[in-house]
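Below is one structure, written out as structure tokens, with a few remarks after it.
Number of protein chains: 2
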Amino acid sequence: MSQSGAGVDLEKSLGYLLKEASSALRAAMEEVLRPLGMNVTRYACLELLAQRPGLSNSELARGAFVTRQSMNVLLQTLEREGHVTRPAEAPVGRTLPTRLTPRGRRSLEEASVAVRSVEVGMLAGMSEAEQSEAFRILQSMSHSLCDGSGGA
Amino acid sequence: MSQSGAGVDLEKSLGYLLKEASSALRAAMEEVLRPLGMNVTRYACLELLAQRPGLSNSELARGAFVTRQSMNVLLQTLEREGHVTRPAEAPVGRTLPTRLTPRGRRSLEEASVAVRSVEVGMLAGMSEAEQSEAFRILQSMSHSLCDGSGGA
DNA sequence: TGACTCATGTCAGGAATCTAACATAGGTTG
DNA sequence: CAACCTATGTTAGATTCCTGACATGAGTCA
Numbered sequence: 001m002s003q004s005g006a007g008v009d010l011e012k013s014l015g016y017l018l019k020e021a022s023s024a025l026r027a028a029m030e031e032v033l034r035p036l037g038m039n040v041t042r043y044a045c046l047e048l049l050a051q052r053p054g055l056s057n058s059e060l061a062r063g064a065f066v067t068r069q070s071m072n073v074l075l076q077t078l079e080r081e082g083h084v085t086r087p088a089e090a091p092v093g094r095t096l097p098t099r100l101t102p103r104g105r106r107s108l109e110e111a112s113v114a115v116r117s118v119e120v121g122m123l124a125g126m127s128e129a130e131q132s133e134a135f136r137i138l139q140s141m142s143h144s145l146c147d148g149s150g151g152a
Numbered sequence: 001m002s003q004s005g006a007g008v009d010l011e012k013s014l015g016y017l018l019k020e021a022s023s024a025l026r027a028a029m030e031e032v033l034r035p036l037g038m039n040v041t042r043y044a045c046l047e048l049l050a051q052r053p054g055l056s057n058s059e060l061a062r063g064a065f066v067t068r069q070s071m072n073v074l075l076q077t078l079e080r081e082g083h084v085t086r087p088a089e090a091p092v093g094r095t096l097p098t099r100l101t102p103r104g105r106r107s108l109e110e111a112s113v114a115v116r117s118v119e120v121g122m123l124a125g126m127s128e129a130e131q132s133e134a135f136r137i138l139q140s141m142s143h144s145l146c147d148g149s150g151g152a
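Residue numbers (the UniProt record's numbering), protein chains in the order written: chain R, 1 to 152; chain G, 1 to 152.
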């Protein structure tokens with residue numbers, strides 16, 4: 001390997017570290033979800049619907065960090081598979097409120113257990129106080145980035 | 001919007017928050033890099049080469065969080081554009097040590113300024129102590145995830 | 001009322017990434 | 001030495017995701 005102990009500051013960048021942690025988390029989640037025939041985006045969609053029934057396509061897209069076009073095709077798949085239902089007509093406006101079916105809820109249950117184990121593993125070795133601190137810090141980063149980006 | 005103040009714990013998940021922050025960072029970086037005709041992966045590749053000249057294709061891939069196949073096509077593009085150079089023959093084994101050209105270094109300079117401004121904005125409102133704490137915490141998360149995933 | 005703006009759902013095309021596969025070089029172990 | 005295993009570079013095919021575009025419904029304002 002070429003990596004000698006040269007003075008590189010990429011390893012000191014919080015941005016790089018953030019990406020590294022996020023990448024590791026995603027990889028770990030994909031790994032435990034694959035045997036269940038699921039992936040991170042599918043899980044995120046179902047989890048969002050479990051916690052906030054009636055979310056629209058666009059709202060799910062924002063919550064799962066994909067475009068609404070991508071979420072649309074995912075919802076069509078989930079609908080075809082019988083995991084979610086959407087009314088044929090929009091009760092108001094154009095938004096179609098989506099809901100989990102019992103089958104979707106069952107799939108989510110399995111996945112939730114797997115994902116929770118990953119998150120527990122991620123927090124191994126961190127005290128309650130550190131977790132609270134991590135929460136505050138990550139929220140601060142998100143807000144700073146959104147303010148600086150969307151507000152300018 | 002459908003989001004009432006219902007008791008949802010996705011907002012309390014450190015994993016979700018980690019993804020949110022990482023997503024915001026990536027979006028902010030893409031935004032400032034786009035006017036420069038660059039994207040996050042290209043920037044990561046050039047930055048890695050600046051800090052560790054002679055990295056191989058596979059090492060760059062790992063550092064930029066993509067597959068070595070994806071990095072390979074990127075390197076071919078960068079080589080065609082004159083941003084990097086690779087020897088025609090591997091001096092040892094099969095690894096082709098890659099290096100920045102002066103032109104690649106110039107492109108990186110521009111991008112670095114833009115990216116640094118994003119990172120500075122992200123750290124706005126965080127004290128030195130908090131940044132150190134963030135560093136420790138993110139590293140702890142990464143390590144816990146890799147140990148639990150690759151070691152099992 | 002009518003024009004404007006904004007958000008949504010949806011379809012089509014393209015760009016980026018990944019998975020699968022093969023050949024080669026180096027180290028390891030019998 | 002020979003067989004084996006691992007890591008690398010590379011190509012090709014498939015998949016995923018995004019960008020662009022259009023039509024519809026709701027709210028705003030003159």
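Where is the CB? At the ideal position from N, CA and C, for every residue including glycine.
In this structure, the straight-line span from the alpha carbon of THR77 of chain R to that of GLY93 of chain R is close to 23 Å. Residue-level contact check: GLN139 of chain G touches chain R, since one or more beta carbons of chain R fall below 8 Å from its beta carbon. For LEU14 of chain G against PHE135 of chain R, the beta-carbon gap comes to about 6 Å, under 8 Å, which counts as contact.
Assignment of ARG94 of chain R by DSSP, reduced to helix, strand and coil, places it in the coil class. Non-local C-beta neighbours of LEU108 of chain G in its own chain, meaning closer than 6 Å and more than five positions away in sequence, comprise LEU46 and ALA50, ordered along the chain. In terms of Cβ geometry, ALA124 of chain G and VAL32 of chain G do not form a close pair [threshold 8 Å]. Residues of chain G whose Cβ lies closer than 8 Å to the Cβ of CYS146 of chain R are, in chain order, ALA24. For ALA27 of chain R, the enclosing alpha helix (DSSP H) covers residues 14 to 33. The beta carbon of VAL66 of chain G is closer than 7 Å to those of THR41 in its chain, skipping five residues each way along the sequence. The beta carbon of GLY104 of chain R lies closer than 8 Å to those of LEU46, LEU49, LEU78, GLY82, HIS83 and VAL84 in the same chain, with the five residues before and after it left out.
Between LEU75 of chain G and THR101 of chain G, the beta carbon gap of about 13 Å keeps them out of contact (Cβ cut-off 8 Å). Taken atom to atom, the span from the alpha-carbon of LYS19 of chain G to that of SER140 of chain R is near 14 Å.
Interface annotation for the segment 114 to 143 of chain G against chain R: GLU119, GLY121, MET122, LEU123, ALA124, GLY125, MET126, GLU130, GLN131, GLU133, ALA134, PHE135, ILE137, LEU138, GLN139, SER140, MET141 and SER142, criterion Cβ-Cβ distance under 7 Å. The C-beta distance from LEU96 of chain R to ARG86 of chain R rounds to 5 Å, short enough to meet the 8 Å contact threshold. Per DSSP, reduced to three states, the secondary structure at ARG99 of chain G is strand.
Assignment of beta-bridge partners to THR85 of chain G by DSSP yields G:ARG99. Under the Cβ distance rule, ALA21 of chain G counts among the residues neighbouring chain R, one pair being separated by less than 8 Å. Proximity of ALA28 of chain G to chain R, defined by a Cβ-Cβ separation below 8 Å, is satisfied. At a cut-off of 8 Å between C-beta atoms, SER70 of chain G does not count as an interface residue with respect to chain R. Pairing SER22 of chain R with SER22 of chain G gives a Cβ-Cβ distance under 8 Å. Sequence-distant Cβ neighbours of GLY63 of chain R in its own chain, meaning closer than 6 Å and more than five residues away, are LEU48.
About 6 Å separates the beta carbons of MET122 of chain G and LEU25 of chain G, which is inside the 8 Å limit, making them a contact pair. When rounded, the separation of the alpha-carbon atoms in VAL120 of chain R and LYS12 of chain R is 26 Å.
Taking a contact as a CB-CB distance under 8 Å, the pair ILE137 of chain R and GLU128 of chain G does not count as one, their CB atoms being some 13 Å apart. According to the DSSP assignment, SER58 of chain G belongs to the alpha helix (DSSP H) that extends over 57 to 64.
When rounded, the separation of the alpha-carbon atoms in ARG68 of chain G and GLU89 of chain G is 19 Å. Collapsing the DSSP output to three states places ARG105 of chain G in a helix. According to the DSSP assignment, LEU78 of chain R belongs to the alpha helix (DSSP H) that extends over 68 to 80. In the three-state reduction of the DSSP assignment, SER127 of chain G falls in the coil class, being assigned neither a helical nor a strand state.
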